[in-house]
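S.K.:
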Amino acid sequence: MEQVLRVEQRDGWRKLVLNRPDKLNAFNEALHQALRAALEDAATAADCRAVLLTGEGRGFCAGQDLGDRRPGEGPPPDLGNTLERFYNPLIRQIRSLPKPVVCAVNGVAAGAGANIAIACDIVLAAQSARFIQSFSKIALVPDSGGTWLLPRLIGEARARALMLTAEPLPASTAAEWGMIWKAVEDDRLTLEAENLAARLAAQSTAGLARIKRALDAGATQSLDAQLDTERDLQREAGAAPDYAEGVRAFLEKRAPRFG
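Residue numbers (the numbering used here): 62 to 320.
1) If we ignore side chains and look at the alpha-carbon of each, how far apart do Leu-284 and Val-184 end up?
2) Less than 8 angstroms between C-beta atoms, sequence neighbours within five positions excluded: which residues of the same chain meet that for Glu-117?
3) Assuming Glu-69 is part of the beta strand (DSSP E), what are its boundary residues?
4) What span of residues does the beta strand (DSSP E) with Phe-192 cover, start to end?
5) Helix, strand or coil for Gly-73 per DSSP?
6) Go ahead and label Asn-142 buried or exposed: buried means 16 or more other beta carbons lie within 10 angstroms of its beta carbon, across all protein chains shown.
7) Could you please give the first and the last residue of the uninterrupted alpha helix (DSSP H) stretch that includes Asn-288?
8) Where do the ends of the beta strand (DSSP E) carrying Val-308 lie?
9) Do you know how far the Cα of Phe-192 is from the Cα of Glu-232?
10) My output table needs one value for Leu-341: the three-state DSSP class, helix, strand or coil.
11) Considering only C-alpha positions, which residue in the set Gly-135, Arg-146, Pro-159 and Leu-151 is nearest to Arg-274?
12) Tell me which same chain residues have a C-beta within less than 6 angstroms of the C-beta of Ile-179, skipping the five on either side of it?
13) Could you give the DSSP three-state label for Phe-121: helix, strand or coil?
14) Under 6 angstroms Cβ to Cβ from Ile-241, same chain only, skipping five residues before and after it: list those, please.
15) What is the rounded straight-line gap between the Cα of Ala-171 and the Cα of Glu-237?
16) Excluding the 5 residues preceding and the 5 following Leu-92 in the sequence, name in chain order all residues of the same chain whose CB lies nearer than 7 angstroms to its CB.
17) By DSSP, does Ala-175 sit in helix, in strand, or in coil?
18) Across which residues does DSSP place Pro-231 in a beta bridge pair?
19) I need the DSSP call for Phe-196, collapsed to helix, strand or coil.
20) How big is the Cα-Cα spacing for Lys-76 and Gln-70?
21) Should the segment 252-261 be regarded as contacting the segment 111-125, the criterion being three or more beta carbon pairs within less than 8 angstroms?
22) Helix, strand or coil for Ile-280, going by three-state DSSP, please let me know.
23) Just to confirm, is the Cβ distance from Ala-310 to Tyr-304 under 8 angstroms?
24) Would you check if the distance between the CB atom of Asp-182 and the CB atom of Val-166 is smaller than 8 angstroms?
25) Near Leu-214, what residues of its chain come up, given a Cβ to Cβ distance below 7 angstroms and the 5 sequence neighbours on each side ignored?
26) What residue range is occupied by the uninterrupted alpha helix (DSSP H) comprising Gly-141?
In structure tokens form, the structure reads like this:
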């Protein structure tokens, strides 16, 4: 049976590898189910404090496996149902995961694959990688949160152009525009991404989860409401053991040992 997702346990974090390289890691139902299950497990596992998502082979993810579609055979597919059952829960899961999610884009990221990547907390990409909002090529609407995420990352003018034209965006330009954190040399991507995941795993998991909550709240709130959110989260953080340990470590000039 095809192992569509490879889960690698590391010291304090997990590496999830989309593993359909012959299909550029395009999503089918099996891959959706495997990734959802792996993220659910990572969310609660005590030995996982960060997640690294990447792809096997020459691509990160080509989006939906169109080989699963047979236009003209039977009634039209309910693509809204596909989003409701698979893609929308996945995006919500990534965004709400109480642990940082790093994405290493090792090659082409197209369609839903591009939007799943930018839904992650920190995105690194190989210099050779390309991001493609390919939906318009097959008369579809960008999904997987793309119409919400992309304009907020790079501005409406650029997002509209990318989505309407489906032009490939080089990783270096994506970094310049603020769509991803950085573009790195191809042969250094894995090392940099793994080092980053390990560094995040050494930090306060609960503290990083509060930062994610604050940022997500700020995307839809007024400044006044966000100030209240920051107050509430800071009160929560100040009462937590990790804050006390962080201050002790700072004063004692040592690395903190977070629980």
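Ideal Cβ placement from N, Cα and C applies to all residues, glycine included. Just so it is clear, the structure is predicted and the values come from calculations on it, not from any experiment.
M.R.: From the atom records:
1) Looking at the two C-alpha atoms, the distance is approximately 27 angstroms.
2) These residues qualify, in order along the chain: Arg-67, Val-78, Leu-79, Asn-80, Arg-81, Pro-82 and Asn-86.
3) Glu-69 -> beta strand (DSSP E) spans 66-70.
4) Boundaries of the beta strand (DSSP E) harbouring Phe-192: 191-193, taken from the DSSP string.
5) Three-state DSSP puts Gly-73 in coil, outside helix and strand.
6) By the neighbour-count rule (16 or more Cβ atoms within 10 Å), Asn-142 is not buried but exposed.
7) Looking at the sequence itself, residue 288 is Leu, so the reference to Asn does not match. Note, Leu-288: alpha helix (DSSP H), 284-299.
8) Segment 302-312 is the alpha helix (DSSP H) holding Val-308; no beta strand (DSSP E) there.
9) According to the sequence displayed, residue 232 carries Ala and not Glu. Their backbone Cα atoms lie some 7 angstroms apart in a straight line.
10) As displayed, the chain neither begins before 62 nor continues past 320, which places residue 341 out of reach and without an answer.
11) Put simply, of Gly-135, Arg-146, Pro-159 and Leu-151 the residue whose alpha carbon is nearest the alpha carbon of Arg-274 is Pro-159.
12) Once the five neighbours on either side are set aside, the close Cβ partners of Ile-179 are Leu-210.
13) Reduced to three states, the DSSP call for Phe-121 is strand.
14) Result list for Ile-241: Val-184, Ala-186 and Ala-235, in chain order.
15) In a straight line, the C-alpha of Ala-171 is about 19 angstroms away from that of Glu-237.
16) Excluding sequence neighbours, Leu-92 sits near Val-65, Leu-66, Leu-79 and Arg-81.
17) DSSP, reduced to helix, strand and coil, places Ala-175 within a helical segment of the structure shown.
18) Per DSSP, Arg-191.
19) Looking at Phe-196 - three-state DSSP - the assignment turns out to be helix.
20) Between the alpha carbons of Lys-76 and Gln-70 lies a gap of roughly 7 angstroms.
21) Taking one beta carbon from each stretch, the segment 252-261 and the segment 111-125 have 3 or more pairs nearer than 8 angstroms; the two touch.
22) Reading off the sequence shown, one finds Ala at residue 280, where the question assumed Ile. If DSSP states are grouped into helix, strand and coil, Ala-280 belongs with coil.
23) Tyr-304 sits away from Ala-310, with the two beta carbons spaced by 8 angstroms or more.
24) Not closer than 8 angstroms, so no.
25) Hits under 7 angstroms: Ile-179, Gly-239 and Met-240.
26) Residues 140-143.
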